[in-house]
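Chemist:
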Amino acid sequence: MGFAEQRFTTAVDEEFRCPICRDIVEEPITSQCQHVFCKACIHEWLSREPSCPVSRQPLKKFKLLLVGDKGVGKSSLLLRFIGDTFLDSLKKTIINGYRSRTIEFDDRIIDLEIWENCRQFNTSTDFGEVDGIMFIYDVTKWRTFKHLNDFIKDMKRKTRTDVKRLLVGNKCDDIEAKRVDYLSALEFSRFCGIPFIETSAKTGNDVEEAFSSIPRQLALASYALIRDITDTAMGSEFGFKQCGICCV
1 MGFAEQRFTT AVDEEFRCPI CRDIVEEPIT SQCQHVFCKA CIHEWLSREP SCPVSRQPLK
61 KFKLLLVGDK GVGKSSLLLR FIGDTFLDSL KKTIINGYRS RTIEFDDRII DLEIWENCRQ
121 FNTSTDFGEV DGIMFIYDVT KWRTFKHLND FIKDMKRKTR TDVKRLLVGN KCDDIEAKRV
181 DYLSALEFSR FCGIPFIETS AKTGNDVEEA FSSIPRQLAL ASYALIRDIT DTAMGSEFGF
241 KQCGICCV
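full-length UniProt numbering applies: residue 1 is where the sequence shown begins, and numbers increase by one.
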């Protein structure tokens, strides 16, 4: 094997090695700075340090805010998502500040910073940093559903126009006590232009899906922006120009 060929083989071999364990990558996960790691390795690393092991760049955090009446299950949903636990006797907010968790989307790592109490937000800057909002109501209490309209209007006034939103009907496991039917909530969500899902913090039903929905929207929006910027740059470089009629 010649020197050039040997160097090429070594470079290819290094490209497929996890920078953490130095073995061939298994279940590859890509960081935001485009470094690839074994799934198990990067999750273990991030449990100790929220940054890329190679570049040392901190993970970009998506700030998610939980909004709704007292007693709708905001803390319970968060505890289920963060630690897969449920406290049946939980009566009030027990989480001050925020909780964090990393999730995966399209083989990429997304870091969530979840705030359960918006009363800790004191300035317009705090609300300006919010990336997504989950509007939560209790399906067994009609008044909590009725109050959503006020919450939505208030958050629309305080947050950015590009904030991603989700309507969440919690406690769907309590079928006999249900007062807000699925179709009524779906009609309201369509009227507001907000995606809708029912969850149960008690059973864990669709909790993971609910908390993953907004980061998925954020990631897709970021990819679309990157693609748009890239396409625009390439079009400019090669002299392409959209005509506005057949080009979309």
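The beta-carbon is built from N, C-alpha and C at its ideal position, and this holds for glycine as well.
1) Counting pairs of Cβ atoms below 8 Å between the region 189 to 203 and the region 50 to 67, do you hit three or more?
2) Using a 10 Å radius around the Cβ and a threshold of 16 neighbouring Cβ atoms, would you call Y223 buried or exposed?
3) Tell me, please, which residues DSSP counts as bridged to F196.
4) Per DSSP, which one or two residues make a beta bridge with F62?
5) Report, in whole angstroms, the separation of the C-beta atoms of T203 and N170, which I expect to be a contact under 8 Å.
6) If we count the other Cβ atoms within 10 Å of its Cβ and call it buried at 16 or more, is R157 buried or exposed?
7) So, for F105: in the same chain, excluding its five sequence neighbours on each side, which residues have a beta-carbon less than 8 Å away from its beta-carbon?
8) Answer yes or no: do L166 and L148 have a C-beta to C-beta separation smaller than 9 Å?
9) Confirm, please, whether the CB-CB distance from G73 to I136 is below 9 Å.
10) Could you give the distance in angstroms between the alpha-carbon of F81 and the alpha-carbon of K63?
11) Where do the N-terminal and C-terminal ends of the beta strand (DSSP E) with D138 fall, by residue?
Modeler: Short version:
1) Contact between the region 189 to 203 and the region 50 to 67 is absent, because fewer than three Cβ pairs lie under 8 Å.
2) Per-residue confidence for Y223 stands at a pLDDT of 49, beneath the threshold of 50, marking its modelled position as unreliable; the derived number appears in the next sentence. Answer is exposed; the Cβ neighbour count stays below 16.
3) Per DSSP, L167.
4) According to DSSP, which records beta bridges pairwise, F62 is partnered with L112.
5) About 11 Å separates the two Cβ atoms, so there is no contact after all.
6) By the Cβ-count criterion, R157 is exposed, with fewer than 16 other Cβ atoms from all chains shown falling within 10 Å of its own Cβ.
7) The answer, listed in chain order, is S212, P215, R216, A219.
8) Not in contact: L166 and L148 (Cβ atoms no closer than 9 Å).
9) Cβ atoms of I136 and G73: closer than 9 Å.
10) Taking the Cα positions, F81 is about 15 Å away from K63.
11) Element bounds for D138: 132 to 138.
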